[in-house]
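J.:
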């Protein structure tokens, strides 16, 4: 092996094998806020993200309720936060999934397993967010990426001039329908109840738009060959079944907390799988904190950044107390 | 009385006498976030601020740790949030101190007393922040505005080319010292302990700067006639007394929670006077929520906006449950 390469490898190996003060798992707003605070506190901070930094916010076509921005595209806000994480001096590992976390009782350190090897840290902040909730009907899995989507900003432009449906009744569903109605020929919002959960301001925009709402309706199957062709619908009040021809369907049922890693560590979750924390973002496991959408409570960027800041502050006091 | 004027008065009187869904007391980041969320949820929302909107953040020369802004002047961030509150549709009452809040048991409404009359609301969010903590020494009160200041951004430019001292050891004190060293001839940081509470990143900047830190030192008096001339100092370890000639002194000892109004309502506070809330920002009084620096916990903008969003969400569910 070339000597220069060998020593470079050694340097990389050594830096990877250093002990980190703070390891943060998940690069959405909560994880990025924690990284900004942790690094600014002088903690040796590493942030792992299975994909690219941003989290659920990055897929939003427009955010109007994060204080400081009257309107900002999700990806733009994500990039501003990423720049800030770098500026603060935290180490970022993107496309680096943490596959397992365990406590090493002999060293009293947490071991984080990744495809880049094992990382050791004094404290861990879990900010793994929530995955997209599935509809769970025939055709959904087979036609994902072929007309079935979980992200209107990502895939919306593919449906310009076409007919699409959005399934759901919360803020995300309404936001996505309003985004799609600007470019698609026809947008349906399919909701199983007779009222929406979305906030009032969004509902008003929706009812003033050309989105057609199908109330009391569930999707029982997604049909098509190579691409989505239609949805099978059922009215839950009348029992009537029908077919709706669409080119695409956006499933906007919210998120499921990604708390598997935390559970393996012995972290307590509620019946929805959300991590239970106190006001200092402490879990039941000493040295393990949680922040953002993976935690019980309101799923909002404003809330996630607060969680992240508090989690880093609490972790800082814990780590300082150990040294 | 002119008939047009009379009817205008009547319209104003009626609108003031409407019942508000949500009254927010305090226009810092927590109160503004609550107003954005409350109004977007469709609540009839009113925001009271004794001064002008902004809160403690507005006086910061530069904010680097609010996620989304690598650097922003406090007043600029305050103005962005204010624009967003207006856009969301909340009613803003600036220069309108809430002098008292009581619960009217017959109507089950909260009554808020101001110089503009009494306002009625179903729910109240207390976001009154913290006032500047005083040093409590001779000369402080007499020379306030004559060289004694509690806000470097506000008054710093008056001391261009002069000698100033900053008293304190937290983030605010260090931030103010770093700001002042750019324009003053000489800056001292006077701290009663032998280490700072400020975050590591700020300490590093401080030690790399020309600020001279006087450790283990307290100010025992501020002296001067029409203007500050000197400080009397005492070293707490050696007992040695000395005099330091300065033209100005910035007192940066943090804030005292402004929880008097809340206490009168029967809201519980801790030994520091901070309001005690649960994770939903509920106080012990039904229909009363609290957010931001007046609440126990980390005093940061990122945290305050999360509190505000959660408080508005909890208030929304409470109000909806009543109607």
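Protein chains in written order, with our numbering: chain S, 1054 to 1376; chain E, 1054 to 1376.
Where is the CB? At the ideal position from N, CA and C, for every residue including glycine.
Using beta-carbon positions only, say whether residue 1243 of chain S and residue 1267 of chain S come within less than 7 Å of one another.
T.: If you number the first chain from 1, residue 1243 of chain S lands on position 190. If you number the first chain from 1, residue 1267 of chain S lands on position 214. A contact, by the Cβ cut-off of 7 Å.
J.: For residue 1191 of chain E, which beta-bridge partners are listed by DSSP?
T.: Indexing the second chain from 1 puts residue 1191 of chain E at position 138. Its beta-bridge partners are E/1274.
J.: Could you tell me the boundaries of the alpha helix (DSSP H) in which residue 1224 of chain E lies?
T.: Here residue 1224 of chain E corresponds to residue number 171 of the second chain, with the count starting at 1. 1224 to 1233 is the span of the alpha helix (DSSP H), which, as asked, contains residue 1224 of chain E.
J.: Can you tell me which of the three DSSP states residue 1378 of chain E falls into?
T.: Because chain E here runs from 1054 to 1376, residue 1378 of chain E falls outside it and cannot be looked at.
J.: What's the call for residue 1191 of chain E, buried or exposed, on a 16-neighbour Cβ count within 10 Å?
T.: On the second chain, position 138 is the one that residue 1191 of chain E refers to. By the 10 Å Cβ count, residue 1191 of chain E comes out exposed.
J.: Which of the three DSSP states is assigned to residue 1063 of chain E in this structure?
T.: Residue mapping note: residue 1063 of chain E aligns to position 10 of the second chain, counting from 1. Unreliable placement is indicated for residue 1063 of chain E, whose pLDDT of 48 sits below 50; the coordinate value is still reported in the next sentence. The answer is helix: DSSP assigns residue 1063 of chain E an H, G or I state.
J.: Could you name the residues of the segment 1076 to 1110 of chain E whose beta carbon sits closer than 7 Å to any beta carbon of chain S, in the order they occur along the chain?
T.: Under the 7 Å Cβ criterion, the segment 1076 to 1110 of chain E contributes 1082, 1085, 1086, 1089, 1090, 1093, 1094 and 1095.
J.: Using beta carbons (cut-off 7 Å, strictly below), is residue 1379 of chain E in contact with chain S?
T.: Since the first and last residues shown for chain E are 1054 and 1376, residue 1379 of chain E lies out of range.
J.: From the beta carbon of residue 1128 of chain E, is the nearest beta carbon of chain S less than 7 Å away?
T.: Locating residue 1128 of chain E in the second chain gives position 75, where the first residue counts as 1. No, no contact with chain S.
J.: So, helix, strand or coil for residue 1218 of chain S, using DSSP?
T.: Numbered from its first residue, the first chain carries residue 1218 of chain S at position 165. Residue state, collapsed to three classes: strand.
J.: Would you mind working out which of E/1248, E/1331, E/1072 and E/1335 sits nearest residue 1371 of chain E, comparing C-alpha positions?
T.: Counting from one through the second chain, the residue named residue 1371 of chain E turns up at place 318. Checked all of E/1248, E/1331, E/1072 and E/1335; the closest Cα to residue 1371 of chain E is E/1335.
J.: Among all the DSSP beta bridges, which residues are the ones paired with residue 1197 of chain S?
T.: Sequence index remark: in the first chain, residue 1197 of chain S carries index 144 (1-based). BP columns for residue 1197 of chain S point to S/1201.
J.: Got a sec: which bits of the segment 1154 to 1176 of chain S sit with their beta carbon under 8 Å from any beta carbon on chain E, in order along the chain?
T.: Residues: none.
J.: Would the C-beta of residue 1364 of chain E count as close to the ligand COA, meaning under 6 Å from any of its heavy atoms?
T.: This structure lacks the ligand COA; in fact it carries no ligand of any kind.
J.: What in chain A is Cβ-close to residue 1254 of chain S, meaning under 9 Å?
T.: The structure shown contains no chain A; the protein chains it does contain are S and E.
J.: Looking at the unbroken beta strand (DSSP E) that takes in residue 1285 of chain E, where does it start and where does it end?
T.: On the second chain, residue 1285 of chain E is found 232 positions in, with the first residue counted as 1. Segment 1281 to 1288, the beta strand (DSSP E) holding residue 1285 of chain E.
J.: Could you pull out every residue in the same chain whose Cβ sits closer than 8 Å to the Cβ of residue 1147 of chain E, ignoring the five residues on either side in sequence?
T.: Locating residue 1147 of chain E in the second chain gives position 94, where the first residue counts as 1. So the qualifying residues of the chain are 1080, 1102, 1104, 1105 and 1106.
J.: At the 7 Å Cβ level, is residue 1363 of chain E part of the contact set with chain S, yes or no?
T.: For the purposes of this step, residue 1363 of chain E is identified with residue 310 of the second chain, where counting begins at 1. It does; some Cβ of chain S falls within 7 Å.
J.: Based on Cα-Cα distance, which residue from E/1183, E/1206, E/1246 and E/1281 lies nearest to residue 1270 of chain E?
T.: Position 217 of the second chain, counted from the first residue, corresponds to residue 1270 of chain E. Measuring from the Cα of residue 1270 of chain E, the nearest candidate turns out to be E/1246.
J.: Do you know offhand how far residue 1088 of chain S's Cα is from residue 1078 of chain S's?
T.: Here residue 1088 of chain S corresponds to residue number 35 of the first chain, with the count starting at 1. Here residue 1078 of chain S corresponds to residue number 25 of the first chain, with the count starting at 1. Whole-angstrom Cα-Cα distance: 10 Å.
J.: List the residues of chain E whose Cβ lies closer than 7 Å to the Cβ of residue 1359 of chain S, in chain order.
T.: Taking the first chain and counting its residues from 1, one reaches residue 1359 of chain S at position 306. Under the 7 Å cutoff, chain E gives 1355, 1356, 1358, 1359 and 1360.
J.: State the Cα-Cα distance for the pair residue 1094 of chain S and residue 1254 of chain E, rounded to the nearest angstrom.
T.: Residue mapping note: residue 1094 of chain S aligns to position 41 of the first chain, counting from 1. Residue mapping note: residue 1254 of chain E aligns to position 201 of the second chain, counting from 1. About 6 Å.
J.: Between the Cα of residue 1085 of chain S and those of S/1300, S/1278, S/1131 and S/1218, spot the shortest distance and give me the residue it belongs to.
T.: The residue given as residue 1085 of chain S occupies position 32 in the first chain. Among S/1300, S/1278, S/1131 and S/1218, the Cα nearest to that of residue 1085 of chain S is on S/1131.
J.: How is the beta strand (DSSP E) around residue 1174 of chain E delimited, first residue to last?
T.: Counting from 1 along the second chain, the entry for residue 1174 of chain E is found at position 121. 1170 to 1179 is the span of the beta strand (DSSP E), which, as asked, contains residue 1174 of chain E.
J.: Kindly list the residues whose CB is nearer than 8 Å to the CB of residue 1355 of chain S, restricted to its own chain and excluding five residues on each side of it in sequence; keep chain order.
T.: Within the first chain, residue 1355 of chain S is the residue found at index 302, counting from 1. Here the set comprises 1118, 1119 and 1120.
J.: Give the residues of chain S in contact with residue 1310 of chain E, contact being defined as C-beta atoms less than 7 Å apart.
T.: What you label residue 1310 of chain E is simply residue 257 of the second chain in a count that begins at 1. None at all; the shortest Cβ gap to chain S is about 16 Å.
J.: Measure from the C-beta of residue 1134 of chain S to each C-beta in chain E and report whether the shortest distance is under 7 Å.
T.: The residue given as residue 1134 of chain S occupies position 81 in the first chain. By this cut-off, residue 1134 of chain S is an interface position.
J.: Compare the C-beta of residue 1114 of chain S with all C-beta atoms of chain E and state if any pair is closer than 7 Å.
T.: The count along the first chain starts at 1 and reaches residue 1114 of chain S at position 61. Chain E contact via Cβ: absent.
J.: Determine, using beta carbons only, whether residue 1340 of chain E comes closer than 7 Å to chain S.
T.: Here residue 1340 of chain E is taken as the residue at index 287 of the second chain, counted from 1. So no, residue 1340 of chain E is outside the interface.
J.: Does residue 1352 of chain S come out as helix, strand or coil in the three-state DSSP assignment?
T.: On the first chain, residue 1352 of chain S is found 299 positions in, with the first residue counted as 1. Residue state, collapsed to three classes: coil.
J.: Just list the residues that DSSP pairs residue 1163 of chain E with in beta bridges.
T.: What you label residue 1163 of chain E is simply residue 110 of the second chain in a count that begins at 1. BP columns for residue 1163 of chain E point to E/1156 and E/1174.
J.: Spatial neighbours of residue 1240 of chain E within its chain, please: CB distance less than 6 Å, with the 5 preceding and 5 following residues excluded, ordered by chain position.
T.: Here residue 1240 of chain E refers to the residue found at position 187 of the second chain. If we look at residue 1240 of chain E and ignore the five residues flanking it on each side, its Cβ neighbours are 1217, 1230, 1233, 1234 and 1264.
J.: Start and end of the alpha helix (DSSP H) containing residue 1138 of chain E?
T.: Here residue 1138 of chain E corresponds to residue number 85 of the second chain, with the count starting at 1. Unbroken alpha helix (DSSP H) run through residue 1138 of chain E: 1127 to 1141.
J.: Of the residues E/1141, E/1154, E/1144 and E/1129, which one's Cα is nearest the Cα of residue 1341 of chain E?
T.: Stepping through the second chain from its first residue, residue 1341 of chain E is reached at position 288. The residue with the shortest Cα to Cα distance from residue 1341 of chain E is E/1154.
J.: Put residue 1114 of chain E into one of helix, strand or coil per three-state DSSP.
T.: Within the second chain, residue 1114 of chain E is the residue found at index 61, counting from 1. Reduced to three states, the DSSP call for residue 1114 of chain E is coil.
J.: Under the DSSP definition of a beta bridge, which residues are partnered with residue 1073 of chain E?
T.: Against the second chain, residue 1073 of chain E aligns to sequence position 20. The partner list for residue 1073 of chain E (beta bridge, DSSP) reads E/1174.
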